[in-house]
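Written below as structure tokens is the structure these notes are about.
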Amino acid sequence: MNPIVELGVMIVGDLGAIARARSSPDFAMLQLDGVLSIWLWLGLGFQLSTGAVLFWRLAQGKNRPRPLQPEWAPPEWAGKVTVLLPTLNEVKRLSPCLAGLTVQTEEVREILAIDSYSEDGTVASIEAAIAQDPRFHLILYDPNSDRWVGPSGALQTGFLRSSPESEWILRVDADTYPRPGLVASLLKAAIASNYDLLSVSAQFILKYPGEVWFHPAMLITFAYRFGAIGKRANSPDRVMANGQCLLCRRQVLEQLGGFAIARDAFCDDMKLARHAAKQGYRVGFLDGSKVVRVRMYEGVRETWREWGRTIGVRDASHPWQLWQDVVFLLAVQGLPPLILGFYAIAVPRSLLFQWPHVGLWSFNLLLMLARIAMLWAIAPYFDRTQAKAPWLFWLSPLADPVVWLRVLISALRPPKQWRGRRY
2 MNPIVELGVM IVGDLGAIAR ARSSPDFAML QLDGVLSIWL WLGLGFQLST GAVLFWRLAQ
62 GKNRPRPLQP EWAPPEWAGK VTVLLPTLNE VKRLSPCLAG LTVQTEEVRE ILAIDSYSED
122 GTVASIEAAI AQDPRFHLIL YDPNSDRWVG PSGALQTGFL RSSPESEWIL RVDADTYPRP
182 GLVASLLKAA IASNYDLLSV SAQFILKYPG EVWFHPAMLI TFAYRFGAIG KRANSPDRVM
242 ANGQCLLCRR QVLEQLGGFA IARDAFCDDM KLARHAAKQG YRVGFLDGSK VVRVRMYEGV
302 RETWREWGRT IGVRDASHPW QLWQDVVFLL AVQGLPPLIL GFYAIAVPRS LLFQWPHVGL
362 WSFNLLLMLA RIAMLWAIAP YFDRTQAKAP WLFWLSPLAD PVVWLRVLIS ALRPPKQWRG
422 RRY
């Protein structure tokens with residue numbers, strides 16, 4: 002046979018054999034295993050890199066400052082603070098806040114309750130407080146006059162009406178339970194560390210089973226993204242703040258234009274704090290669980306809806322940072338329970354100790370163990386004495402995939418409603 006013809010026959014035969022092999026189930030399975038292995042290695046590498054960032058952030062917590070303790074103000078601090086209390090239909094939860102503000106001592110010059118025309122008994126509750134404590138004053142604010150989002154318009158109105166003799170402005174939300182010595186402890190910490198703006202975490206009061214299970218997982222998202230309480234942020238865009246209890250120097254607030262920077266922000270506290278940090282002011286976030294408690298929402302439905310306005314920090318973040326956080330939380334919080342569950346239920350035992358499977362499940366187990374350990378770290382931030390099924394707190398890691406979904410929805414869908422009012 003002609004050598005060229007013979008070569009052609011061999012090539013055709015080889016191509017036919019390859020074609021028959023490719024069409025066989027074994028070849029398809031081998032190819033699928035190869036592609037799957039590549040994706041598993043990529044997933045493991047992604048989780049290893051994000052996990053390294055997470056463990057570095059959590060490691061900073063060992064040097065975090067101790068929780069603030071109740072303090073008593075010296076005489077020279079008398080009249081240094083104006084408290085701003087924005088209200089809107091708060092009658093069911095306002096009483097503990099008013100009572101807690103009443104017991105604050107001489108450092109509080111005035112307490113301005115700025116009500117946005119509540120339709121329940123909120124105003125009557127404030128008027129009752131005025132009758133008992135002359136430091137209380139009621140200011141009515143029409144939110145339709147400027148259409149500022151959330152409480153920012155009320156806060157700006159109160160700030161402009163506050164006494165110029167007050168050196169500090171303290172914003173307090175109506176759902177807080179201030180403890181005796183709160184304001185003095187904030188003043189002491191701000192003066193000692195030369196903070197221009199200082200806010201604190203609170204202790205959350207939990208009651209119903211759904212929120213006992215769900216709320217801790219929500220809080221963990223902030224710890225994972227922004228690190229330990231009291232740690233100095235490495236950039237203004239990573240500054241953490243809590244508007245439930247936020248203290249600012251009056252002079253600084255004047256230079257910032259009051260609360261105007263947050264006029265269109267649902268996440269107004271973070272917007273203000275990060276703006277202040279970008280202007281070079283010293284911003285702090287400390288542990289206030291011993292000096293202020295808060296009863297935020299009633300049940301898991303309200304927790305899901307209202308936390309969604311702020312959990313993504315959409316108003317105060319650049320888009321790239323927002324989506325970086327979404328992807329980061331997916332890797333270190335959302336996926337571990339799902340991956341471990343998948344390996345426990347669906348993966349054959351023969352594969353468990355083959356690479357990259359062993360690397361993937363073992364690292365996700367490490368992430369889950371770290372998440373469980375975080376429960377002991379965050380336990381002081383939750384008051385479960387009134388809770389039904391308080392043991393659900395320890396099962397909150399199982400809520401992490403659902404919480405990540407809430408972060409994703411918050412990033413995709415901007416909020417349009419606050420306290421029943423649409424914007």
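Counting from 2, one number per residue, gives the positions in the sequence shown under the working numbering. Don't be surprised by glycine CBs; every beta carbon is placed ideally from N, CA and C. Keep in mind that this is a model prediction, so the values were computed, not measured.
Under the three-state DSSP convention, the category residue i falls into
i      : result
LEU86  : strand
GLN334 : helix
LEU409 : helix
ALA242 : coil
LEU102 : helix
GLN70  : coil
HIS319 : coil
ARG372 : helix
THR51  : helix
GLU168 : coil
GLN355 : coil
GLN133 : helix
ILE140 : strand
LEU156 : helix
LEU198 : strand
THR386 : coil
ALA22  : Since pLDDT at ALA22 reaches only 42, below the 50 mark, its modelled position is unreliable, and no value is offered.
VAL403 : helix
PRO179 : strand
VAL173 : strand
Residue from the options with nearest C-alpha to residue i
i      : options                           : result
GLU77  : ARG310, SER117, GLU168 and ASP147 : GLU168
ASP147 : LEU41, LEU59, GLN105 and ALA261   : ALA261
VAL284 : LEU370, LEU199 and LEU37          : LEU199
VAL184 : ALA278, GLN204 and ILE112         : ILE112
ILE192 : ASN243, LEU248, LEU156 and GLN256 : LEU248
ALA100 : LEU43, VAL403, VAL293 and ARG315  : VAL293
PHE286 : CYS246, VAL301 and SER96          : CYS246
LEU45  : ASP143, LEU368 and VAL403         : LEU368
THR177 : GLY231, ALA317, MET297 and GLY211 : MET297
GLY309 : ASP326, ARG414, GLY335 and ASP401 : ARG414
GLN322 : ARG226, GLY62 and GLY151          : ARG226
MET375 : ASP265, ALA229 and LYS272         : ALA229
ILE312 : ASP238, ALA278, LEU273 and PRO416 : PRO416
LEU207 : LEU399, LEU393, LEU330 and PRO398 : LEU393
LEU370 : SER38, LEU188, TRP395 and LEU102  : TRP395
ILE1   : HIS358, TYR282, LEU409 and THR106 : In the structure as shown, the chain starts at 2 and stops at 424, and residue 1 therefore has no counterpart that could be examined.
VAL333 : LEU59, LEU254 and ARG306          : LEU59
LEU409 : VAL328, ASP116 and LEU95          : VAL328
MET241 : VAL295, TYR382, ALA190 and ALA274 : ALA274
ARG65  : VAL92, ALA224 and LEU37           : ALA224
GLN256 : THR158, VAL92 and TYR282          : TYR282
GLY231 : LEU49, GLN387 and LYS63           : LYS63
Host alpha helix (DSSP H) of residue i (start-end)
i      : result
GLY456 : It is not possible to answer for residue 456, since the shown part of the chain is limited to 2 through 424.
PRO217 : 210 to 227
THR304 : 300 to 308
VAL348 : Unbroken run through VAL348: none, as it is neither H nor E.
VAL295 : No alpha helix (DSSP H) contains VAL295, which is instead part of the beta strand (DSSP E) from 293 to 295.
GLN256 : 251 to 256
LYS272 : 269 to 279
Where residue i falls, given that 16 or more other Cβ within 10 Å makes a residue buried
i      : result
ASP121 : exposed
TYR118 : exposed
THR51  : buried
ASP174 : buried
SER194 : exposed
SER363 : exposed
TRP405 : buried
ALA74  : buried
GLN325 : exposed
HIS319 : exposed
PHE354 : exposed
PRO251 : With the sequence shown as reference, residue 251 is identified as Arg, and Pro is not the correct amino acid for it. That one is buried.
LEU330 : buried
ARG407 : buried
SER397 : buried
LYS279 : exposed
Whole-number beta carbon distance between residue j and residue i, since they are thought to touch under 8 Å
i      : j      : result
SER290 : PRO68  : 5 Å
ARG302 : SER411 : Contact flag wrong, Cβ pair sits at about 16 Å.
PRO217 : ILE379 : 6 Å
THR83  : SER164 : 6 Å
GLY151 : PHE267 : 6 Å
ASN243 : ALA203 : 7 Å
Range covered by the beta strand (DSSP E) that runs through residue i
i      : result
ASP116 : 109 to 116
GLN204 : 204 to 206
VAL92  : Unbroken run through VAL92: none, as it is neither H nor E.
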